[in-house]
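Undergrad:
Numbering (my numbering), first residue to last: 148 to 494.
1) Could you work out which residue in 352, 290, 470 is closest to residue 415 when comparing CA atoms only?
2) Kindly indicate which residue of 285, 327, 238 has the alpha-carbon position closest to the one of residue 344.
3) Of the residues 448, 487, 223, 445, which one's Cα is nearest the Cα of residue 465?
4) Quick one: what's got a C-beta closer than 6 Å to residue 502's C-beta in the same chain, skipping five residues either side?
5) So, is residue 413 buried or exposed, given that buried needs 16 or more other C-beta atoms within 10 angstroms?
6) In its own chain, which residues sit with a C-beta less than 7 Å from the C-beta of residue 454, not counting the 5 before and 5 after it?
7) Expressed to the nearest angstrom, what Euclidean distance is found between the alpha-carbon atoms of residue 304 and residue 267?
8) For residue 195, which residues in the same chain have their Cβ closer than 7 Å to its Cβ, ignoring the five residues on either side in sequence?
9) Run the CB neighbour count on residue 494, radius 10 Å, all protein chains shown included, and call it buried at 16 or more, exposed below.
10) By the three-class DSSP mapping on this structure, what secondary structure does residue 346 have?
11) Is it buried or exposed for residue 359, if we count other Cβ within 10 angstroms and need 16 for buried?
12) Grouping DSSP H, G and I as helix and E and B as strand, with all else coil, what is residue 486?
13) Can you say whether residue 374 is buried or exposed, counting buried as having 16 or more other CB atoms within 10 angstroms of its CB?
14) Would you grab the beta carbon distance between residue 460 and residue 440 for me? Rounded to a whole angstrom, and I think it's under 8 Å.
15) Measuring alpha carbon to alpha carbon, tell me which residue in 206, 386, 379, 295 is nearest residue 370.
This is the structure:
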């Protein structure tokens, strides 16, 4: 009796410990889904070490860098911040030209920083079929991947590229999602690469632009505030635009042979100023969107329920020297003095 009681008790304790471990693991997973994009197109931004310290102070555990800025990489040493590092579009031709160039890029920007926690290399950002560098994108991805594998980092660092949702031809309802025919010659080899290497697709996803360009979309639906389903796509129901767009990309991937590919949302956010057709660029909407986004991505989409969505908010700071429309310069979460532009909690 004593033996069986002990065994039963040990079994109970072991299962309790296992459940506790799974719970802690799940808490860690959900709390660590959010990263922030660190763009540097500003002449008033804090020094890199102060920015890395701010990430840590605010419990932001992941970062996206758009190019291998050496002072930022130095400041990231030993920080435990997981990094998505970009190969800029301007480097694609050189990296694609031969394996030696890609090896040098990886040596200089990855291997030389052994105590930086690289998570992804994002080769190119929003490359379009008409871009002169489009022909170099997949060869550059392959060469960077070869260099990462040769460095013994193939299991640790995934190689991908970031697309925008302008790649979608059809997106409503989400299950009808499909890529534009003119994008398929560019996307199909990318999808094959991702399937073969079990790497995620990076997607820059902005409900703001869909809302601003379509008077039929309600602000509550765009800001995660709709109390009831807004879009019915039987058997699924959608209460927010973010999920609808993301699941449309998943549907498009399935139709293009990428059903096994996960999506990482490599940019999402809401501008706090800068105009817009529907006048929705203000501090309150930016705060509402980003705070609700942080909470929402813990729980998945209707198509992928319960699966947390790794997401990177754009951006850490307003970038006052960024080219383009005024709206491009007002996406920051923090002011140049490192104070939050509005209250936001990353936990």
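C-beta atoms are modelled at their ideal positions from N, C-alpha and C, and glycine is treated no differently. If you're wondering where the values come from, they're calculated on a predicted model, not measured in any experiment.
TA: Let me spell this out:
1) 352
2) If we check each option's Cα against that of residue 344, 285 comes out closest.
3) 487
4) Absent from the structure is residue 502, since the part of the chain shown begins at 148 and ends at 494.
5) buried
6) Hits under 7 Å: 447.
7) 5 Å
8) 218, 219, 222
9) exposed
10) The three-state reading of DSSP puts residue 346 in coil, since its state is none of H, G, I, E or B.
11) buried
12) coil
13) exposed
14) 7 Å
15) Among 206, 386, 379, 295, the Cα nearest to that of residue 370 is on 386.
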